[in-house]
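Asker:
Number of protein chains: 4
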Amino acid sequence: MKKKLSTKENPKQEERQPRRYSSEESRRLLIEATLDSIVDVGFSSTSVSEIVTRANLSRGMVHLYFDNKDTLLVAAAKHAAEVYFRNLSDQLESAGSRPQEIIETVILSDLGEALLNERMVKIWFAFRGEAHANKAITQFSDTRDEQLRGMIFDAFVEVAIEQGEPEPAKFARDTTHGTLALLEGMWTDFLLHSDSFSRKSAARIIFRFLSGVYPQHFDLDGAIVK
Amino acid sequence: MKKKLSTKENPKQEERQPRRYSSEESRRLLIEATLDSIVDVGFSSTSVSEIVTRANLSRGMVHLYFDNKDTLLVAAAKHAAEVYFRNLSDQLESAGSRPQEIIETVILSDLGEALLNERMVKIWFAFRGEAHANKAITQFSDTRDEQLRGMIFDAFVEVAIEQGEPEPAKFARDTTHGTLALLEGMWTDFLLHSDSFSRKSAARIIFRFLSGVYPQHFDLDGAIVK
Amino acid sequence: MKKKLSTKENPKQEERQPRRYSSEESRRLLIEATLDSIVDVGFSSTSVSEIVTRANLSRGMVHLYFDNKDTLLVAAAKHAAEVYFRNLSDQLESAGSRPQEIIETVILSDLGEALLNERMVKIWFAFRGEAHANKAITQFSDTRDEQLRGMIFDAFVEVAIEQGEPEPAKFARDTTHGTLALLEGMWTDFLLHSDSFSRKSAARIIFRFLSGVYPQHFDLDGAIVK
Amino acid sequence: MKKKLSTKENPKQEERQPRRYSSEESRRLLIEATLDSIVDVGFSSTSVSEIVTRANLSRGMVHLYFDNKDTLLVAAAKHAAEVYFRNLSDQLESAGSRPQEIIETVILSDLGEALLNERMVKIWFAFRGEAHANKAITQFSDTRDEQLRGMIFDAFVEVAIEQGEPEPAKFARDTTHGTLALLEGMWTDFLLHSDSFSRKSAARIIFRFLSGVYPQHFDLDGAIVK
DNA sequence: GATGAATGAGTTTTCATTCAT
DNA sequence: GATGAATGAAAACTCATTCAT
Numbered sequence: 000m001k002k003k004l005s006t007k008e009n010p011k012q013e014e015r016q017p018r019r020y021s022s023e024e025s026r027r028l029l030i031e032a033t034l035d036s037i038v039d040v041g042f043s044s045t046s047v048s049e050i051v052t053r054a055n056l057s058r059g060m061v062h063l064y065f066d067n068k069d070t071l072l073v074a075a076a077k078h079a080a081e082v083y084f085r086n087l088s089d090q091l092e093s094a095g096s097r098p099q100e101i102i103e104t105v106i107l108s109d110l111g112e113a114l115l116n117e118r119m120v121k122i123w124f125a126f127r128g129e130a131h132a133n134k135a136i137t138q139f140s141d142t143r144d145e146q147l148r149g150m151i152f153d154a155f156v157e158v159a160i161e162q163g164e165p166e167p168a169k170f171a172r173d174t175t176h177g178t179l180a181l182l183e184g185m186w187t188d189f190l191l192h193s194d195s196f197s198r199k200s201a202a203r204i205i206f207r208f209l210s211g212v213y214p215q216h217f218d219l220d221g222a223i224v225k
Numbered sequence: 000m001k002k003k004l005s006t007k008e009n010p011k012q013e014e015r016q017p018r019r020y021s022s023e024e025s026r027r028l029l030i031e032a033t034l035d036s037i038v039d040v041g042f043s044s045t046s047v048s049e050i051v052t053r054a055n056l057s058r059g060m061v062h063l064y065f066d067n068k069d070t071l072l073v074a075a076a077k078h079a080a081e082v083y084f085r086n087l088s089d090q091l092e093s094a095g096s097r098p099q100e101i102i103e104t105v106i107l108s109d110l111g112e113a114l115l116n117e118r119m120v121k122i123w124f125a126f127r128g129e130a131h132a133n134k135a136i137t138q139f140s141d142t143r144d145e146q147l148r149g150m151i152f153d154a155f156v157e158v159a160i161e162q163g164e165p166e167p168a169k170f171a172r173d174t175t176h177g178t179l180a181l182l183e184g185m186w187t188d189f190l191l192h193s194d195s196f197s198r199k200s201a202a203r204i205i206f207r208f209l210s211g212v213y214p215q216h217f218d219l220d221g222a223i224v225k
Numbered sequence: 000m001k002k003k004l005s006t007k008e009n010p011k012q013e014e015r016q017p018r019r020y021s022s023e024e025s026r027r028l029l030i031e032a033t034l035d036s037i038v039d040v041g042f043s044s045t046s047v048s049e050i051v052t053r054a055n056l057s058r059g060m061v062h063l064y065f066d067n068k069d070t071l072l073v074a075a076a077k078h079a080a081e082v083y084f085r086n087l088s089d090q091l092e093s094a095g096s097r098p099q100e101i102i103e104t105v106i107l108s109d110l111g112e113a114l115l116n117e118r119m120v121k122i123w124f125a126f127r128g129e130a131h132a133n134k135a136i137t138q139f140s141d142t143r144d145e146q147l148r149g150m151i152f153d154a155f156v157e158v159a160i161e162q163g164e165p166e167p168a169k170f171a172r173d174t175t176h177g178t179l180a181l182l183e184g185m186w187t188d189f190l191l192h193s194d195s196f197s198r199k200s201a202a203r204i205i206f207r208f209l210s211g212v213y214p215q216h217f218d219l220d221g222a223i224v225k
Numbered sequence: 000m001k002k003k004l005s006t007k008e009n010p011k012q013e014e015r016q017p018r019r020y021s022s023e024e025s026r027r028l029l030i031e032a033t034l035d036s037i038v039d040v041g042f043s044s045t046s047v048s049e050i051v052t053r054a055n056l057s058r059g060m061v062h063l064y065f066d067n068k069d070t071l072l073v074a075a076a077k078h079a080a081e082v083y084f085r086n087l088s089d090q091l092e093s094a095g096s097r098p099q100e101i102i103e104t105v106i107l108s109d110l111g112e113a114l115l116n117e118r119m120v121k122i123w124f125a126f127r128g129e130a131h132a133n134k135a136i137t138q139f140s141d142t143r144d145e146q147l148r149g150m151i152f153d154a155f156v157e158v159a160i161e162q163g164e165p166e167p168a169k170f171a172r173d174t175t176h177g178t179l180a181l182l183e184g185m186w187t188d189f190l191l192h193s194d195s196f197s198r199k200s201a202a203r204i205i206f207r208f209l210s211g212v213y214p215q216h217f218d219l220d221g222a223i224v225k
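Residue numbers (numbering that gives the first Met the number 0), protein chains in the order written: chain A, 0 to 225; chain B, 0 to 225; chain C, 0 to 225; chain D, 0 to 225.
1. Can you tell me whether DSSP reads residue 218 of chain C as helix, strand or coil?
2. When we look at the beta-carbon of residue 59 of chain C and count the other beta-carbons within 10 Å, is it buried (16 or more) or exposed?
3. Going along chain C, which residues have a C-beta under 7 Å from residue 185 of chain D?
4. Give me the chain C residues within the contact set of residue 190 of chain D, using Cβ-Cβ distance strictly less than 9 Å, ordered along the chain.
5. On the CB-based measure, 16 or more other CB atoms within 10 Å of its CB, does residue 103 of chain B come out buried or exposed?
6. Would you kindly work out how many angstroms separate the C-alpha atoms of residue 92 of chain C and residue 116 of chain D, rounded to a whole number?
7. How far does the alpha helix (DSSP H) with residue 99 of chain A in it extend, from its first residue to its last?
8. Please list, in chain order, the residues of the stretch 20-51 of chain D that have any C-beta partner in chain C closer than 7 Å.
9. Which of the three DSSP states is assigned to residue 192 of chain A in this structure?
10. If you count every other CB in all the chains shown that lies within 10 Å of the CB of residue 192 of chain D, and 16 or more means buried, which is it?
11. Considering only the beta carbon of each residue, do residue 83 of chain C and residue 56 of chain C sit closer than 9 Å?
12. So that I know if they touch, is there some Cβ in chain C lying closer than 9 Å to that of residue 95 of chain D?
13. Under 7 Å Cβ-Cβ, which residues of chain C neighbour residue 124 of chain D?
14. Among D/163, D/85, D/200, which one has its Cα closest to the Cα of residue 173 of chain C?
15. For residue 173 of chain C and chain D, any beta-carbon pair shorter than 9 Å?
16. Straight-line CA distance for residue 130 of chain A to residue 43 of chain D?
17. So, under 8 Å CB-CB, residue 180 of chain A and residue 139 of chain A are touching, yes? Tell me the CB distance rounded to an integer number of Å.
18. Enumerate in chain order the residues of its own chain whose CB-to-CB distance from residue 135 of chain A is below 7 Å, with the five nearest sequence positions on each side excluded.
19. Under 8 Å by Cβ, that's how I've got residue 177 of chain A and residue 208 of chain B pegged, so tell me the actual separation to the nearest angstrom.
20. Answer with yes or no whether the minimum CB distance from residue 4 of chain B to chain A is below 9 Å.
21. So which residues on chain A does residue 121 of chain B lean against when the C-beta distance must stay under 7 Å?
22. Measure how close the beta-carbons of residue 161 of chain D and residue 170 of chain D come, nearest whole angstrom, since I'm counting them as under 8 Å.
23. Any C-beta of chain A sitting closer than 9 Å to the C-beta of residue 98 of chain B?
24. Judging by CA-CA distance, which residue of A/52, A/87, A/50, A/26 is the nearest neighbour of residue 271 of chain A?
25. Looking at chain A, is there any beta carbon in it that lies within less than 9 Å of the beta carbon of residue 212 of chain B?
26. Let me know if residue 159 of chain C comes out buried or exposed under the rule of 16 or more other beta-carbons within 10 Å of its beta-carbon.
27. Express the C-alpha separation of residue 29 of chain B and residue 47 of chain B in angstroms, rounding to a whole number.
28. Would you say residue 175 of chain C and residue 203 of chain C are within 9 Å of each other, going by their C-beta atoms?
29. For residue 137 of chain D and residue 36 of chain D, I'd like the C-alpha separation in whole angstroms.
30. Report the residue from B/110, B/41, B/65 whose alpha carbon sits nearest the alpha carbon of residue 22 of chain B.
31. Any C-beta of chain A sitting closer than 9 Å to the C-beta of residue 201 of chain B?
32. Tell me the DSSP secondary structure of residue 131 of chain B in three-state form.
33. Would you report the Cα separation of residue 133 of chain C and residue 197 of chain D, rounded to the nearest angstrom?
34. For residue 199 of chain D, which three-state DSSP category applies?
35. Beta carbon of residue 105 of chain B, beta carbon of residue 186 of chain B: below 9 Å?
36. Are residue 34 of chain D and residue 118 of chain D touching if we call contact CB-CB under 9 Å?
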């Protein structure tokens, strides 16, 4: 699907190809090509030409399906966010229902290959870099949405109560916030030092912190599910 | 993502001002204008026109002093990084020398108004969004440089030893990494939710985690300096 | 001079209407939509999209029935001219056969609501503006065709003879030309000042001029039919 | 100044020409090229490319001096109107001050080579064709402005009084309106039949009408100045 | 026949860069 | 050195036309 813009020729003389995709297919190809371009050449070098070349579609396509480039970029941001949340949801679905398990799943999923990889990280940071200049993108640039945050919070509340914390809600709110901040920090780390980044270390560090505040429920290896 | 040049018309026709700046002064004005533009209209809308209008300098200046726009952008990234580190250094200078104090100072400085503010955050995330497409920018997009990291690590090692950790280096490495990740996460939080962000909460959360792993050296209010 | 396609969204999703028109019907709808578009958004903003949207027909229709846009425009010009002349003919049919009556009928018809109205005027001037760039349109941009001119001329000759003009043909030729010029001038007036235009004044002025050159046959109120 | 777009090459290899005009000169060249293009290829075929090729200027020029094509078109309309009125004023300046002379001068000037020629006529009708779609152009599409109309009216009032008309103002208003309409009609005639058009005939016809309503002041050859 | 998705040439516009002054 | 007018490549976008269905 990818095709370098600069790659001069594919040797087999591109035969006039009136191949059609469904409307939905074409939209998807354009969004995918947009994300590819952002990953490969960066946000500011992602032109319509770059996109349609990668998608191997005509340039009119962008305006046919998205009206303008901006709308396509927003759609791409939306798509990236959906992929992230869908994937996380799927992994949570197959997890246990105990609070520690939920928390462990979120952390390990967020640090797992499926979500945390070069492509994803570049896309997220590219959109965040542009977010404040484009309000439509802003809404899709937060990986930690309310629903997710609520779920983690509820899990932490349960654990905090079990632990006999005097102010479980407050304690849970802080540890939720901190855990999400740690995950964000790990993504930044991956962006800036993807070569030296270790998913295992990242997980261990987070669980080390959690084991500090919830010693009966977490250890360095993750959740202690009783 | 393009926007009209932000016509900041000052209505009183700015009378032709042939005042000359020193070469260094002009460079600084251009860099500052570049950062202002990134903050106000975003990276992708930051054009040479936008910059020279803001700097109130002639359009040729950019190429006279920086050869091309790209070099100016890199210089602006470098400048932003220098401002960040100089400020942090200054605050560390006037801090105590005990390990807990060093760690506390880094955390509180990094969360303080001087470093963590809308302008700074927008600039950092803008550059990070473009970092992978511009290798020259990459090197200035990491807030956590080696020297800083080393200093924090050394402080944590000392504390870990005092605490009697069996593997103080490993423990310190993890807590260093985790603390920096938490700070990064807090910056992201500020970017995405600057209205609801609380420096106090952010600090409390970080110290809560630290008090979990170093119970004799930190509590919710910061470092316990004995 | 370009404008967004005038999105005349009718909010109730026009339910897919596979009703078929006859070929002649479709041609007519397209021509009418073309003229509507010229009236509403102007010649240069009249695109195929604009036309087919207004006609509520498929985009291929234009090329199916007219080969290309240009041919459709020419057909629309032809149609507009036909409407004008048919209408004028009809009104002449029901007029008296005396020369003054013929002249009066032409003048009053040409200034009447049926012929001289905003739609007609905009259409004529739009086509005239493009006429010299499109030879096919040129032939339909003259409201004063040979047949009409001949009829008026004949009427004036008769009147001039009755009046005892020494050179009735020359006199009639001039007054024919002048009368048609006056009518053209009144149309221009209507185009540029449709709000302050008065059909009555326009007629009175023309008859005032005619009463000057044919005092026994015309007065301010029109023809004096003896 | 004119250069056909399609004219392939001027044989002397166009040497890289960094020739500069003054800002005002460049503006004028662009306006002139715009009018040339409208005359030669019509309004709807007048693209920025067409204009800059004719002006032999770079394409950025249009946006440097006029911001966008539309503004240039309006400036061209304004310029055309100014040329028309300046020329007419000049000719009136050197005319006598007697009312008949003023009227005669207006008529003969308006029908003279300097004002009524193919270029002028095409330009005026092109703008009028677009006028209703572009309000900025509308204001420059009326050849008969208030000042001119007032001057003619005043002259006719004087003449009407001399003639002993019972309602000189009303009479003058009608003859003013009629004379201007006749002139407009003659311009239309010139547009549509420039080959058979005769300035002499046009003048004679107008004066014939005037001699009908002001028999003591005008005859077929123009004004009778006593 | 009829449709409207798809195309890509051509349009307007932007903007980094050049360079005469 | 300093300026900003000028350039033109490349950007975003439009739209008449084609053609598989």
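Even glycine gets a Cβ: it sits at the ideal position worked out from N, Cα and C. Only a predicted model underlies this, so the values are computations on that prediction, with no experimental measurement involved.
Answerer: With the structure as the only source:
1. strand
2. exposed
3. 180
4. 127, 130, 131, 140
5. buried
6. 38 Å
7. 98-109
8. 40, 41, 42, 43, 44
9. coil
10. exposed
11. no
12. no
13. 127, 128
14. D/200
15. yes
16. 40 Å
17. Incorrect: roughly 20 Å between the Cβ atoms, too far for contact.
18. 73
19. 5 Å
20. Bear in mind that a pLDDT of 48 at residue 4 of chain B, under 50, signals an unreliable position, so the number given afterwards is only what the model happens to contain. Not closer than 9 Å to any Cβ of chain A, the Cβ of residue 4 of chain B fails to qualify, so no.
21. 131
22. That pair is no contact at about 12 Å.
23. no
24. With chain A running from 0 to 225 in the structure shown, residue 271 of chain A is simply not present.
25. yes
26. buried
27. 10 Å
28. no
29. 20 Å
30. B/65
31. yes
32. coil
33. 24 Å
34. helix
35. no
36. yes
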